[in-house]
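Take any residue in the sequence shown, count from 1 to its spot, add 6: that is its number in this note's numbering. Reading through the structure tokens given below for one structure.
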Amino acid sequence: MSKLLDVFFEMPCLTEQSRQLSGVYLQKKWFKSADRRIIGQNLQKFIEYNLAQFKFLDIQPLIIGNDQNISLVFRSSGFIGTIPLRASDTGKQIGDFVVMPRFTGSDRFEDYIEILNLLGGEISPEVIDSLPLASGKNFRPPLYLEAVKFIASLEALLSKSWCKFDNVEKISNQPNGQINWNKYINNEFKIEKRLKFPIRKNVLSEFHSEYAEVRYVFDICKGELLSSNTPLRIKNTIRARLNFIEEKLYYHKPKITNNITVKTSDNVIVKSCKEQANKVLNFNLIDCTAWRVDFCDVFEKFVQYIFREVAKETGGRLFSNFKFHSKTSKYYSWELKHIEPDAIYQKEDLMVFIDAKYKSNLYNKFSNSETLKDDYRHDLHQIMAYTSFSKRYLKFGFLCYPSDQLEIKTIKYKNAINEITNVIFVFGIPLKKDCIFEVKRLLIKELGVIESMIEV
């Protein structure tokens, strides 16, 4: 079956409303045995059949129109991923539903991998048990994505010493170890062999079998990252790192393995490298099931990274995910025990609160969607709740959204009773590594304006 026949629908994340899928078209294409007189009921049944999968990917299916003009549209959120779907008339598996990153590059995952390398953290796809994907490997994260993560974990491992005891047999002039007497007896009749003892000793060394297995996985990853499967931009940026690692592992001979044993005695760095190595080794053995990546987490870490770099250049400090704990004699089951802004920029007695929201507001500036209005109202109330912890009459907050272009908008809310003013910056940030320099420059300029405002 061709790739196109395996896909029910494909759309980018953060889409308020997808293109319409006509009920008549769906009937002819996917639900051929369903009653054509009740297309609306068939579409509703289709949604109910696949509700758990849609919920996993945070997709909202909506039915619009009626009778023969009825259609199905979808709203996507911050997740990317792929889910298998069932037909409403037969219950059998049909094509997959695919949500892709909202990037414009020639490769779906190019920008994603560059950002992961920049952040230095691991944001792995989350999977659930489901039917195998009809599209197989076409719409799952590629092997080079796992290979890049392995290279990062191997670099961390190479920065530390990883020695283990190997039990080796050697010939000694003194009986100072575990002697193999059977072997000694076979040769002791020779005078020149009388003082040659075959002994076994524990030798502490980096040249052990587990390092050899890691070297084997490195060779697999290097082959993948330099192959035609990997986009040229990623290949060019990682080539120097591969050469450096290969020099470090020059004296380690690869040992073929299907699995590297993870031991309880392994430290965190060794364990992380082994686990990622096993993901590479098992990549082609694991069934392709429903998976997703939360880009809300990616965007939050991206925004924190930018503000952290700006704080270094401006002499400020950044507190990421700082918690404000509640104190009360009794907690209700639905009560929040703390609130947590994504970041707080602090310089002397100035505090600026930052909240990153991976939502589609700046992609739909002139939409009258009630969902967008509700989302923004919630976001605005949240950032203003955070700024209440500032003791100044002028309070500052950044509400960061992804955007096609770099932009910033200032909104002031003033309390006429006590003259307290809340200044909110709606900050549009392209989720691309190439834009970081311009983002930092604009941010430094705005923080300078803020400092001049509080000095007045």
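Every residue gets a Cβ at the ideal spot worked out from N, C-alpha and C, and that includes glycine.
Out of the options, which has the shortest C-alpha to C-alpha gap to residue i?
i           : options            : result
residue 264 : 421, 237, 281      : 281
residue 461 : 419, 398, 423      : 398
residue 204 : 323, 217, 182      : 182
residue 163 : 275, 91, 122       : 275
residue 169 : 91, 386, 210       : 210
residue 403 : 91, 377, 453       : 453
residue 435 : 457, 409, 366, 178 : 409
residue 103 : 351, 184, 57       : 57
residue 285 : 439, 227, 376      : 227
residue 370 : 12, 455, 23, 418   : 23
residue 59  : 39, 101, 69, 184   : 101
residue 82  : 91, 62, 99, 90     : 62
residue 44  : 25, 70, 74         : 74
residue 351 : 48, 326, 333       : 326
residue 287 : 215, 149, 235      : 149
residue 361 : 374, 382, 375      : 382
residue 310 : 335, 124, 161      : 124
residue 253 : 215, 161, 334      : 161
residue 231 : 188, 380, 338, 153 : 153
residue 458 : 356, 427, 69       : 356
residue 255 : 271, 386, 178, 224 : 224
residue 40  : 93, 67, 68         : 93
residue 25  : 35, 55, 69         : 69
residue 455 : 48, 392, 431, 308  : 431
residue 212 : 338, 242, 190, 257 : 257
residue 283 : 91, 376, 216       : 216
residue 324 : 188, 193, 314, 206 : 314
residue 395 : 330, 373, 233, 193 : 330
residue 64  : 17, 375, 244, 71   : 17
residue 108 : 27, 21, 29, 55     : 21
Cβ atoms of residue j and residue i: under 7 Å apart, would you say?
i           : j           : result
residue 448 : residue 316 : no
residue 262 : residue 222 : yes
residue 445 : residue 412 : yes
residue 14  : residue 95  : no
residue 79  : residue 19  : no
residue 132 : residue 237 : no
residue 76  : residue 97  : no
residue 322 : residue 353 : yes
residue 433 : residue 414 : yes
residue 42  : residue 33  : yes
residue 139 : residue 279 : no
residue 12  : residue 136 : no
residue 405 : residue 389 : yes
residue 401 : residue 421 : no
residue 240 : residue 202 : no
residue 67  : residue 89  : no
Could you tell me how far apart the beta carbons of residue i and residue j are, in whole angstroms, since I believe they sit closer than 8 Å?
i           : j           : result
residue 297 : residue 87  : 5 Å
residue 121 : residue 151 : That belief does not hold up - the Cβ atoms of residue 121 and residue 151 are roughly 12 Å apart, past 8 Å.
residue 312 : residue 442 : 6 Å
residue 218 : residue 269 : Between residue 269 and residue 218 the Cβ distance is about 16 Å, and since that is not below 8 Å, they are no contact.
residue 306 : residue 348 : 5 Å
residue 186 : residue 206 : 7 Å
Based on DSSP bridge pairs, tell me the residues matched to residue i.
i           : result
residue 362 : 406
residue 401 : 428
residue 297 : 88, 133
residue 106 : 18
residue 434 : 407, 413
residue 420 : 427
residue 4   : The question about residue 4 has no answer, for the chain in this structure spans 7 to 462.
residue 390 : None; residue 390 has no bridge partner.
residue 79  : 68
residue 353 : 356
residue 326 : 349
residue 32  : Paired residue(s): none; residue 32 is not in a bridge.
residue 27  : 78
residue 99  : 92
residue 211 : 170
residue 13  : 102
Q: Count the CB pairs spanning the stretch 147-164 and the stretch 335-355 that are closer than 8 Å, and state whether there are at least three.
A: no
Q) Can at least three beta-carbon pairs, one atom from the stretch 346-366 and one from the stretch 294-309, be found at a separation below 8 Å? A) yes
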